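Below is one structure, written out as structure tokens; comments come after it.
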Amino acid sequence: MLSVALSASASEIHAPAQITAGNAITIQTSGSGDATFYLIGPAIASKSKVQAGSNIPVDSDQLEHAGRYVAVLCASDGCTATNFSVNPAAANRLSFLVHPSRIPVGSAQGISAVAIVRDSFQNLVPKPEAVTFSVMAKDEKPVSAARTSESAVAWVRLTSAKKEGPTKLGASIGHADEIRVVQQVAADACNLRIKASRDKRGFLIETDPVHDCSGNPVPDGTVVSFTESDDVGKTTVDVPIKRGVAKVEMPIAGRAKITVASGVVTGNELEVAGGQ
Amino acid sequence: MKATALRYGSLLLLFATAFMGVVAYHLRASADDDFPRVQLNADDVSPRPIEDLTAKSVPRDYALAWQTLAQALSSNKTGLLDGYFTGLAKQDFTQRINSQIKSGLQTRYTDRGHKLEAVFYSPAGDVMELRDNAQFDMQVLDGGKLIYEEPVNAQFMVLMTPGADRWLVRQLQATNREKP
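Chains A and B, in that order, give the protein sequences. Note that our numbering numbers the first sequence so that position 76 is 77, with each residue one more than the last. Note that our numbering numbers the second sequence so that position 171 is 185, with each residue one more than the last.
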């Protein structure tokens with residue numbers, strides 16, 4: 002139901018009932034004399050002088066936003082109005098959200114890829130559309146899967162590969178495609194092992210090259226914690242991995258136990274005796 | 015004499031308290047009237063269920079978004095959109111307000127409530143899509159003169175994304191009910 006400020010009116014205004022975004026239209030009016038035409042839409046509120054009884058052209062660029070529009074004609078005999086819907090145009094654009102951008106290898110269903118289907122004016126396209134998702138991992142065959150969008154959204158969940166490195170994820174609809182890159186990094190350390198050797202000031206404790214369970218080197222900067230326990234108490238030193246290994250010098254006088262951990266992973270235990 | 019003064023004083027105090035109570039009640043009612051009523055139904059959302067805190071913050075922030083949108087369109091102040099809008103929604107409403115300023119127009123919304131239905135919540139929790147059945151009265155004014163008014167019953171597709179401490183409206187698109 003629609004009402005205008007001044008209801009007694011001889012002028013009339015008519016717009017097409019269904020309009021596709023980005024198309025020009027003509028609004029028909031009746032009556033005579035000078036009038037003011039208003040167009041109010043999601044991103045527009047324009048006002049222009051017209052002649053009542055003429056056909057009013059509305060340019061395509063004024064109708065790019067899908068949604069509800071109101072056209073009002075105010076003449077000497079009052080104002081009259083009509084409202085109409087602008088529907089999205091054909092789907093030919095995607096917003097593609099991929100999360101996270103870095104992920105450990107072998108994370109089950111760890112990658113979320115969401116495609117939002119749009120037309121060329123960025124309007125959401127609620128009509129079901131086929132969206133193709135693809136995964137292009139390094140040195141592997143591309144894999145793709147089709148999903149039908151619901152209310153302008155299509156999505157998939159993916160498991161990261163076993164090998165570290167960048168993987169391209171794509172989503173496409175018609176001729177439009179979007180690519181995102183997910184960096185797959187080594188997972189937590191696996192089989193963490195340390196060895197000890199004497200040096201001038203005590204012991205040099207050093208890990209073997211640190212790898213995850215798939216054999217990917219754990220990145221430099223990952224913290225490894227060395228803990229020394231003796232009769233006096235406990236001392237922990239956090240050391241980042243450098244060039245694949247973590248090492249620390251520990252001045253040890255008597256007997257001591259040394260353990261190693263990185264994140265939730267613990268490694269082997271050593272017993273050393275200083276001063277011998 | 016003293017007892018009479020005390021009696022009148024007590025009566026005056028009683029009336030003053032009652033009067034203040036009535037004023038406070040009306041002030042609160044008036045504030046409540048301005049704040050859009052939003053009911054969220056998240057029963058059918060997928061693939062991620064909505065967390066309890068999110069189920070409270072989404073309708074609150076969506077209501078605040080509509081409240082600030084109504085204020086922005088009525089006063090033609092684009093800065094009011096900063097709080098609860100982002101992306102395309104902010105861009106489009108900013109364009110609308112600038113267009114209103116240029117044409118000397120204002121739009122007034124009197125909110126009559128929103129039935130919000132969550133339809134999609136991404137696995138990573140970084141975007142939520144909702145459907146809003148909104149009811150409001152809309153008035154368009156040219157130079158302060160009313161040129162159009164209408165009770166509106168509209169459906170919107172809404173995209174919201176989390177910000178630092180709130181959910182923001184990223185896209186708000188009215189849909190055609192007959193042909194979604």
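Every residue, glycine too, gets a C-beta built ideally from N, C-alpha and C. These numbers were taken from a predicted model, which means no experiment stands behind them.
When the options are compared against residue i, the one with the closest alpha-carbon
i                     : options                    : result
residue 151 (chain B) : B:104, B:61, B:110, B:84   : B:84
residue 18 (chain A)  : A:249, A:72, A:220, A:253  : A:72
residue 185 (chain B) : B:163, B:108, B:113, B:138 : B:108
residue 164 (chain A) : A:216, A:249, A:156, A:265 : A:216
residue 20 (chain A)  : A:111, A:126, A:89         : A:89
residue 272 (chain A) : A:196, A:218, A:57, A:85   : A:196
residue 243 (chain A) : A:275, A:236, A:207, A:256 : A:207
residue 139 (chain B) : B:51, B:154, B:176, B:161  : B:176
residue 147 (chain A) : A:162, A:139, A:116        : A:116
residue 129 (chain A) : A:112, A:93, A:106         : A:93
residue 228 (chain A) : A:219, A:222, A:239, A:220 : A:239
residue 123 (chain A) : A:209, A:134, A:65         : A:65
residue 51 (chain A)  : A:59, A:45, A:44           : A:59
residue 123 (chain B) : B:134, B:75, B:88, B:58    : B:88
residue 267 (chain A) : A:248, A:189, A:232        : A:189
residue 61 (chain A)  : A:44, A:67, A:30, A:22     : A:22
DSSP-derived helix/strand/coil call for residue i
i                     : result
residue 236 (chain A) : strand
residue 260 (chain A) : strand
residue 174 (chain A) : strand
residue 98 (chain B)  : coil
residue 139 (chain B) : coil
residue 129 (chain B) : strand
residue 148 (chain A) : strand
residue 46 (chain B)  : Unreliable positioning characterises residue 46 (chain B) in this predicted model, as indicated by a pLDDT of 49, which lies under 50. The coordinate reading is nonetheless provided below. Helix.
residue 274 (chain A) : strand
residue 230 (chain A) : strand
residue 38 (chain B)  : In this prediction, residue 38 (chain B) scores a pLDDT of 48, lower than 50, which makes its location untrustworthy; the coordinate-derived value is nonetheless stated afterwards. Of the three classes helix, strand and coil, the one that applies to residue 38 (chain B) here is helix, per DSSP.
residue 72 (chain B)  : helix
residue 91 (chain B)  : coil
residue 267 (chain A) : strand
residue 156 (chain B) : strand
residue 86 (chain A)  : strand
residue 46 (chain A)  : strand
residue 151 (chain B) : strand
residue 62 (chain B)  : coil
residue 189 (chain B) : strand
residue 15 (chain A)  : strand
residue 115 (chain B) : helix
Residue i: first and last residue of the uninterrupted beta strand (DSSP E) it sits in
i                     : result
residue 159 (chain B) : 159 to 176
residue 21 (chain A)  : 19 to 21
residue 199 (chain A) : 195 to 200
residue 52 (chain B)  : 52 to 55
residue 249 (chain A) : 248 to 251
residue 26 (chain A)  : 26 to 30
residue 255 (chain A) : Premise fails: residue 255 (chain A) is in no beta strand (DSSP E) and is neither H nor E.
residue 14 (chain B)  : Beyond the ends of chain B as shown, which are 15 and 194, falls residue 14 (chain B); an answer cannot be given.
residue 242 (chain A) : Note, residue 242 (chain A): premise wrong, no beta strand (DSSP E); not H, not E.
Segment limits, alpha helix (DSSP H) that includes residue i
i                     : result
residue 189 (chain A) : Note, residue 189 (chain A): premise wrong, no alpha helix (DSSP H); not H, not E.
Which full runs of the beta strand (DSSP E) of 3+ residues lie inside the stretch 48 to 74 of chain A, going along the chain?
56 to 59
Starting from the N-terminal side, write out each stretch of the beta strand (DSSP E) that is 3 residues or longer and does not extend beyond the stretch 88 to 163 of chain A.
92 to 100, 103 to 105, 112 to 120, 131 to 138, 144 to 149, 154 to 159
Whether or not the stretch 67 to 81 of chain A and the stretch 101 to 109 of chain A are in contact is what I'm after, with contact meaning three or more pairs of Cβ atoms, one per stretch, closer than 8 Å; do they touch?
no
Could you tell me whether the stretch 127 to 134 of chain B touches the stretch 100 to 117 of chain B, where touching means 3 or more Cβ pairs closer than 8 Å?
no
Indicate whether the contact test is met: 3 or more Cβ pairs, each with one atom in the stretch 126 to 145 of chain A and one in the stretch 170 to 184 of chain A, closer than 8 Å.
yes
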